[in-house]
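Enquirer: Note that the sequence shown covers residues 15 to 670 in the numbering used here.
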Amino acid sequence: MAGKDPLAASEPTTPTTQASHHTGHAASRFWPLALGSVGVVFGDIGTSPLYAFRDALGEAARDGLVRPEIMGVLSLALWALILVVTVKYVLFLMRASNKGEGGVLSLMALAQQGAKGRTGLIFALGAIGAALFYGDGVITPAVSVLSAVEGLKSVKGFEHWFGTQEVIVVSLVILTGLFSFQAKGTAKVARIFGPIMVCWFLCLGALGVWHIKDDPSVLGAISPTYAIYFLTHHGLTGFLVMGAVFLTVTGAEALTADMGHFGRGPIQMSWFGLALPMLALNYFGQAALASKALAVAEASGTALPNADWFFLMAPHQWRLGLVLFSGVATVIASQAVITGAFSLTQQAIQLGLLPRMDIKITSSTEAGQIYVAPINWLLFVGVVLVVLSFRSSSALAHAYGISVTGTMVVTTMLAYIVVRHVWKWSLWAALALIVPLFALDLTFFTANLLKVLTGGWAPLALGAGLCLMMSIFVSATERLRLKLSKDGLPFGDFREMILRRPAGSTAGTAVFLTSDPDTTPPALMHSLKHFKVLHERNVLLKVVAETRPYVPDAERIETQTLDDRFSLVTLRYGYMESPNIPKALAACRKQGLKFDIMSTSFFVSRRTIVPSTASDALPAWKRKLFTFLTRNAADPTTFFHLPPGRVVELGTQVSL
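(1) Can you give the Cα-Cα distance for V342 and G53, rounded to whole angstroms?
(2) Whole angstroms is fine: what's the gap from L365's alpha carbon to Y589's?
(3) When you compare only the Cα positions, how much space is there between P230 and S357?
(4) Quick one: what's got a C-beta closer than 7 Å to T270's C-beta in the same chain, skipping five residues either side?
(5) Could you tell me the distance, in whole angstroms, from the CA atom of F147 to the CA atom of S417?
(6) For T353 and L261, I'd like the C-alpha separation in whole angstroms.
(7) Determine the contact status of G420 and G470, defining contact as a CB-CB distance below 8 Å.
(8) Candidates V181, L428, S305, L105: which alpha carbon is nearest A129's?
(9) If you reduce the DSSP assignment to three classes, tell me which class V55 lands in.
(10) Would you call the CB atoms of V263 and L90 closer than 8 Å?
(11) Quick one: grab the DSSP three-state call for F609.
(12) Between the Cα of G277 and the Cα atoms of G114, D322, I153, which residue gives the shortest distance?
(13) Check whether the Cβ atoms of V152 and G415 sit closer than 8 Å, and answer yes or no.
(14) The beta strand (DSSP E) with S581 in it runs from where to where?
(15) Ordered along the chain, which non-local residues of its own chain (more than five positions away) have a Cβ less than 6 Å from that of T520?
(16) Is it buried or exposed, L599, if we count other Cβ atoms within 10 angstroms and call 16 or more buried?
(17) Taking the alpha-carbon positions, what's the L166 to R621 distance?
(18) Going straight from the alpha carbon of S120 to that of S284, what length do you get?
(19) For the beta strand (DSSP E) containing A559, name the first residue and the last one.
(20) From the DSSP output, in three-state form, read off N320 for me.
(21) Using DSSP bridges, identify the partner residues of P450.
(22) For A524, does the three-state DSSP call read helix, strand or coil?
(23) Along the chain, which unbroken stretches of the beta strand (DSSP E) at least 3 residues long are found entirely within the region 361-391?
(24) May I have the straight-line CA-CA distance separating N112 from A387, to the nearest angstrom?
(25) For a quick check, are the C-beta atoms of R645 and D322 less than 8 Å apart?
(26) Buried or exposed for E569, please, with buried defined as at least 16 other CB atoms from any protein chain shown within 10 angstroms of its CB.
(27) Rounded to a whole number of angstroms, what is the C-alpha to C-alpha distance between R81 and F244?
(28) Opposite L664 in the DSSP bridges: which residues?
(29) To which residues does DSSP link S519 through a beta bridge?
(30) Sort out for me which residues DSSP pairs N112 with in a bridge.
(31) Could you name each continuous alpha helix (DSSP H) segment of 4 residues or more that falls completely within the region 122-189, going from the start of the chain to the end?
(32) Compare the C-beta of V157 against all C-beta atoms of chain D and say whether one is closer than 8 Å.
(33) Mapping the DSSP letters down to three states, classify V337 as helix, strand or coil.
(34) How is the beta strand (DSSP E) around T575 delimited, first residue to last?
(35) According to DSSP, is S626 helix, strand or coil?
(36) Identify whether P504 lies in helix, strand or coil by the three-state DSSP scheme.
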């Protein structure tokens, strides 16, 4: 090849040169990943300036604004970004990853490894965290889009005819389009999310810089003394403001939840290099604008009411453009939350917290681009209900903080288990790290609990319902497993029975899916009972969900020959993977197991739950809920990617 050094071609590849090649490849991907993370990871927190400072100042200034309140709220917002997002998430929790994956369920899985199994506490924390995340998935699109559309009220010429009803209608139209578009996938448009959100953050910073000159003294709010003074002099009001200030850090959970897609380094670079400074500048600018307006009001002897400070930062001739731009940003932020809910659902299914659902891969190149129809439309219904119920972003903000702070409390508790039992820190070292973080989370959570009656009940009710559903599904599934194991025929006895009374034989391979290889699969018993024959080769197939995100191909398959007719195959998948049984079985040839898809039949048991007359029977309402969940679960054929023309389903009744 022209231009190629012939000596370089024959030079041996050393570990050093391999490392340099890897480093070069990693460096070439670093900046694209950092750009992509801006569009996905920081969408939620990037749209917080639309409403967070306004609502926090509104809580502080019920009897009119004064300057110490402006400085106190600004200082609280800045230190929330520093302590909650930067210290807790960026510097600490992003190191507590499960093989590079983050988020509450990844932490739960990692904690299970440290605790040597699923304990009741770890399961409860994981279920609560997941349920509250779904609550966030309902509230984030609603409050973000509402706050953006409400900006039209500040546009000259719109204020008289664009009221609450019109805001709701336009918001619902946008949200309907957003959720309807999900099934088509977002792989193509997602490529522009990063550049758009970079422009959005630069816009936030530019608006802030433009208005800091209105009152440069607001820069002094970086001192925590303003926050401390505010809290010590405002009593219960200060606590309420803490709950509203927390809106500035909503979306922090995404930093860890999306770590597997972008990596820790690119996300940290995007935070320190772009998101944090631009957010801080914008909050400085909003405070400076409010401070200038206060000075004008005091000079005229009037009280200054709270206002929509974010949109007022833009001149009248630019305000409509800012409203439209904020609408695009909130749609991107909502998209990130919806995608996160799909990813969380995939993890929850693999970890056994939810029944199987059809997971559609919407991109041929991006494994993370998935669509889960039931979750999409349940979220949509929830979003529509909260928009119609709360009718404004300010009212909805009362419901927002509880779901986010609750998830953060759960995350910190799981992090303690990881630090103590996985990282093997001493008790005192673990407490020294976790206790301050937990105290901070608990303070914000308690502050938001004060809003239960004014809207906080919504995410709590949703979270409680989802936790109850997960708990019943997990406990009933375990009861079903024990029931089948107790009532089933041990597989060793089955093989002895076949040896004593040989069955007829038919050509081909039969694969029987089972969760307990020590017990004869019901589908195998029914097949032999009805057809009076066994296949030449029979495979008991067990699919195991691991507590790690991905399983290497070398560890995926484990085969065991039981006799000349039966083999046991165990397939292992991580909670971020989608099981593909035919693909895995094709790889079994390397381990000596012949497999031809055209001569293989897959036998699946279709269970029907019926009431039990036993004294320890499952309560009727739990049984009905479990029956509903299992009946509407995804078909095993679709979920495991089995060829439909090669699947045989055999029904059986189980009493619970």
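Just so it is clear, CB atoms sit at the ideal spot from N, CA and C, and this is done for glycine as well.
Expert: Looking at the atomic coordinates:
(1) 11 Å
(2) 6 Å
(3) 44 Å
(4) Result list for T270: Y103, L107, M108, G116, G117, in chain order.
(5) Those two C-alpha atoms are separated by around 7 Å.
(6) 21 Å
(7) no
(8) Comparing alpha-carbon positions, the option among V181, L428, S305, L105 lying closest to A129 turns out to be L428.
(9) coil
(10) no
(11) coil
(12) G114
(13) no
(14) 580-587
(15) The residues are V547, H549.
(16) By the neighbour-count criterion, in which a residue is buried when 16 or more other Cβ atoms sit within 10 angstroms of its Cβ, L599 is buried.
(17) 55 Å
(18) 22 Å
(19) That run of the beta strand (DSSP E) goes 547-559.
(20) coil
(21) BP columns for P450 are empty, so no partner.
(22) strand
(23) If one requires a minimum length of 3 residues, no beta strand (DSSP E) run lies completely within the region 361-391.
(24) 27 Å
(25) no
(26) exposed
(27) 11 Å
(28) S619
(29) L548
(30) Residue pairing by DSSP places N112 opposite E115 in a beta bridge.
(31) 134-164
(32) Looking at the structure shown, chain D is missing, and only one protein chain is on hand.
(33) It is helical.
(34) 571-575
(35) coil
(36) strand
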